[in-house]
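Peer 1: So for the sequence shown, my numbering puts the first residue at 20; every next one is plus one.
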Amino acid sequence: TDSLYYSRDEAEPLIDMICRFERGFLAIQVTIQPTHTAKAAAIRELLDALNLSDNEKLVIVFATPSNRLKNFKTAPVNPLLEHQDLAEKVEIHHVGITDS
């Protein structure tokens, strides 16, 4: 489907929105903060709930204003580093948002 789902739960620890796309699921977190939590346990919980097929991936995008992108970090910085099983099914990207 072409639906975008968003969380109304302000305490959602990982993402704001999620949708299906041709490679699996695209999850988006929009923030103006210099850091955002991206714990492996939260990623694993989301991945388990999605029940991806063997050829699907979860792509997580952290979007922040372009002027803050250079200093933006997730905590931990690379949550997939010590979790090879997650690294095979998950991609994490940081993108800058412009207002024009």
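Glycine is no exception: its CB is placed at the ideal position from the N, C-alpha and C atoms.
Note that this is a predicted model, so its numbers are computed, not measured.
1. Closest by CA to V80, which one among H113, A61, M36?
2. Run the CB neighbour count on I37, radius 10 Å, all protein chains shown included, and call it buried at 16 or more, exposed below.
3. Evaluate Q52 with the Cβ neighbour count: other Cβ atoms within 10 Å of its Cβ, from every protein chain shown; 16 or more gives buried, anything less gives exposed.
4. Give the DSSP-derived three-state secondary structure of R39 in the structure shown.
5. For T117, write down the residues that DSSP places opposite it in a beta bridge.
Peer 2: For this structure:
1. Its Cα nearest to that of V80, the residue H113 stands out among H113, A61, M36.
2. I37 is buried by the Cβ-count criterion.
3. Here Q52 is exposed: its Cβ has fewer than 16 other Cβ atoms, across all protein chains shown, within 10 Å.
4. Three-state DSSP puts R39 in a strand.
5. As DSSP reads the structure, T117 sits in no beta bridge.
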